[in-house]
Amino acid sequence: MAKDKIAFVCDNCGQESGKWLGKCPSCGQWNTFREIKVGPSPAASLRSAGLADGITARSRDAARVVRLRDISSHDDPRIDMHDTELNRVLGGGLVPGSIVLLGGEPGIGKSTLSLQTALQMSEKRILYVSGEESAHQLKMRAERLYGGSATNANDHLLILCDNSLEAIFEHIKEAKPDIIVVDSIQTIATEDVESSPGSIAQVRECASALLRFAKSSGVPVILIGHITKEGTLAGPKILEHIVDTVIQFEGDQHYMYRILRSTKNRFGSTSELGIYEMQPTGLRPVANPSELLLTADHEGLSGVAISAAIEGIRPFLVETQALVSTAAYGTPQRSATGFDQRRLNMLLAVLEKRVGFKLMQKDVFLNIAGGLRVTDMAMDLSVIAAVLSSNVDTPIEGGWCMAGEVGLSGEVRPVARIEQRIAEAERLGFRHILVPRYSLSGLSRKKWQIEVVPVRKVEEALRALFG
């Protein structure tokens, strides 16, 4: 038996080294190298299950040099997940032969989303591999989601509670599923690696074996991954390099909303966003997030501004809340929830330098309502409006919303897809919308019933809101 090779892998970026290094030469992080034992090829697990011969033959036939012009450009039909939000984040559905990594904090709803989706896809034969829960626990969860009669009719869903990779491949050979779900990859272990489940070596080898199987057989694999206390996916960074799509399931457990984001997608856009509402019967896709993210009654309240934001291809209106008060402990506090802290500091500096409002000795707290985290630059104008409204304790008149990026010189810069933002505000009954003047060049305002107010500087926007 060949001796196992010793290697060192960086936890942060997946860089390999033959010896231990204090500082990673790739990402520059300190004390991130961990020793692993590199066992046999990932194909060993497939070979022990009797799957390697056919897969190796197909791989050998496919592995030949061809000209780019001779390659067929047709797209394989995507698998409908029967979930509009999940289909949107995946780029239109699940690609055959792909491997998807779904990560999130404990209790956020990863297993619920996976089981709920598997129950809905009655036309596909799905193997659900659970290394964390028993079959009885999965049955209880399924009954909570759909009731006993519904789960009894779901003959397409196969449950396997096992932690051995070799045993999983044996059951795959017998069941011949169309889709495989592994919950979670950190609980699966292979006999080829002498370490405990969840270690860097185990996660790496198991993921590589599942990747080889998915690419060679055309059966898509969905992996569920844990999150570390730093908020990153557990295991080596190379795990994220191996998979085709990385999806983050996030949200505050104190809120009912859950956000599905794609941080890597080889078959679609990474700017798409899926929104779910947590209910006693599972996760409900939110088709119209604007109506849920806006508070029903904020008339007469200062520090509240409505922004027309866009995530991916979907426009929605979000409520920005700000509180400005005198610093009680000498050093002013700056806190932002759902918004970039550094960008908030920049906008406060613009307010002080360009507009003349002194906020140096005041605490500023910013919150995006609903537990949402927004990265759209068009939120700048609503942040400044909410901060100023709270500072002077004057509410913004009802029926106003806004969209615009603010530059360091105090100008309101143009934003993309302004027509969709205006149409969404008009659909929800808003009467006025502040937009950058340069975004309206070439557009006719006559097709909208809503009053479009173009502004070029922050002072013009504040004058339109507060007089």
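The numbering used here numbers the first residue of the sequence shown as 27 and each following residue consecutively. Even for Gly, the Cβ is constructed at its ideal location relative to N, Cα and C. Note that the structure is a prediction, hence the values are computed from the model and not measured.
What's the C-alpha gap between residue i and residue j?
i	j	result
GLU42	LEU370	38 angstroms
ALA144	ASN180	10 angstroms
GLU325	SER140	40 angstroms
VAL219	SER234	13 angstroms
SER416	THR213	49 angstroms
VAL484	TYR283	33 angstroms
ASP366	THR401	8 angstroms
PRO341	MET428	13 angstroms
LEU385	ASN314	36 angstroms
ALA168	ILE448	42 angstroms
GLU111	GLY54	37 angstroms
ASP209	SER156	5 angstroms
ARG457	ILE444	16 angstroms
ILE198	LEU116	24 angstroms
GLY123	PRO311	26 angstroms
SER222	SER190	12 angstroms
SER85	GLY244	Residue placement at SER85 is poorly supported in this model, since its pLDDT is 49, which falls under 50; the coordinates still yield a value, given next. Straight-line Cα distance between these residues: approximately 12 angstroms.
LEU490	TRP474	Residue identity differs from the one stated: residue 490 is Ala in this sequence, not Leu. Between ALA490 and TRP474, the C-alpha separation is close to 19 angstroms.
PHE34	PHE59	6 angstroms
ILE105	SER295	17 angstroms
SER297	TYR355	40 angstroms
CYS50	ASN57	8 angstroms
SER467	VAL479	13 angstroms
ILE134	ILE301	13 angstroms
VAL390	ALA362	8 angstroms
LEU184	VAL481	59 angstroms
LEU414	ILE285	29 angstroms
ARG95	GLY118	26 angstroms
GLY493	ARG287	40 angstroms
Identify the residues that DSSP records as bridge partners of residue i: which are they?
i	result
ALA335	PHE342
HIS458	TRP426 and GLU477
VAL438	VAL432
PRO311	TYR302
CYS36	PHE59
GLU276	ILE285
ARG360	VAL390
GLU42	VAL35
GLN347	VAL330 and ASN393
GLY130	PHE275
LYS379	Answer is none; LYS379 lacks a bridge partner.
TYR464	Paired residues: none, contrary to the question.
LEU249	LEU127 and VAL208
TYR154	ILE185 and VAL207
THR352	LYS388
ILE105	LEU120
ASN291	THR271
LYS483	GLU437
LYS49	TRP56
Closer than 6 angstroms by C-beta to residue i: which residues in its own chain qualify, once you throw out the five before and the five after it? Chain order, please.
i	result
GLU131	ILE253
PHE383	LEU377
ALA442	none
VAL272	LEU127, GLU266, THR289 and LYS290
LYS165	none
MET27	Its pLDDT being 45, under 50, MET27 is placed unreliably by the model, and the measurement read from it follows with that caveat. Contacts found: none.
ILE268	ALA233 and LEU237
ARG380	GLY436
ILE125	LEU237, ALA240, VAL247, VAL269 and ASP270
With a threshold of 8 angstroms (Cβ to nearest heavy atom), would residue i be considered close to the ligand SAM?
i	result
VAL219	The model on display carries no ligand, and the ligand SAM is accordingly not part of it.
Comparing alpha-carbon positions, which option in the options lies nearest residue i?
i	options	result
LEU318	ALA395, ALA353, LYS388 and GLU276	ALA395
GLU266	GLY54, ASP37 and ALA33	ASP37
LEU186	LEU171, LEU127, GLN163 and GLU169	GLN163
ILE62	LYS150, ASP96, ARG104 and SER225	SER225
LEU299	VAL91, ARG60, ARG114 and ALA487	ARG114
ASP188	ALA215, ILE205 and ASP204	ALA215
LEU229	GLY251, LYS202, PRO306 and VAL247	Looking at the sequence itself, residue 229 is Val, so the reference to Leu does not match. Nearest of GLY251, LYS202, PRO306 and VAL247 to VAL229, Cα basis: GLY251.
ALA375	GLY364, LEU343 and VAL409	VAL409
ARG151	ARG463, LEU343, ILE205 and ILE264	ILE205
Beta-carbon within less than 8 angstroms of residue i's beta-carbon, same chain only, minus the 5 sequence neighbours each way: which residues are those?
i	result
GLN347	GLY329, VAL330, LEU392, ASN393, ILE394, ALA395 and ALA412
ALA404	SER333, ALA334, ALA335, ILE336, ALA429, GLY430, GLU431, VAL441 and ARG447
LYS388	VAL350, SER351, THR352, ALA353, PRO358 and ASN417
ILE476	ILE448, ALA451, GLU452, PHE456, ARG457, HIS458 and ILE459
GLN498	Outside the shown range of the chain (27 to 493) lies residue 498, about which nothing can therefore be said.
Within the same chain, show all residues whose beta-carbon is closer than 7 angstroms to that of residue i, passing over the 5 residues directly before and after it, in chain order.
i	result
LYS241	GLY123
SER148	ASN180 and HIS182
ASP406	LEU373, GLY430, GLU431 and VAL432
ARG292	ASP270 and THR271
SER465	PRO440, VAL441 and ILE444
GLY308	THR138, GLN142 and LEU171
ALA193	none
TYR281	GLY396 and GLY397
What are the complete alpha helix (DSSP H) segments, minimum 4 residues, inside the stretch 161-242?
-> 161-172, 174-178 and 191-201, all fully within the stretch 161-242.
Scan the stretch 385-436 and note each continuous alpha helix (DSSP H) run of 4 residues or more that stays entirely inside, going in chain order.
-> Taking only runs of at least 4 residues, the alpha helix (DSSP H) segments lying wholly in the stretch 385-436 are 406-418.
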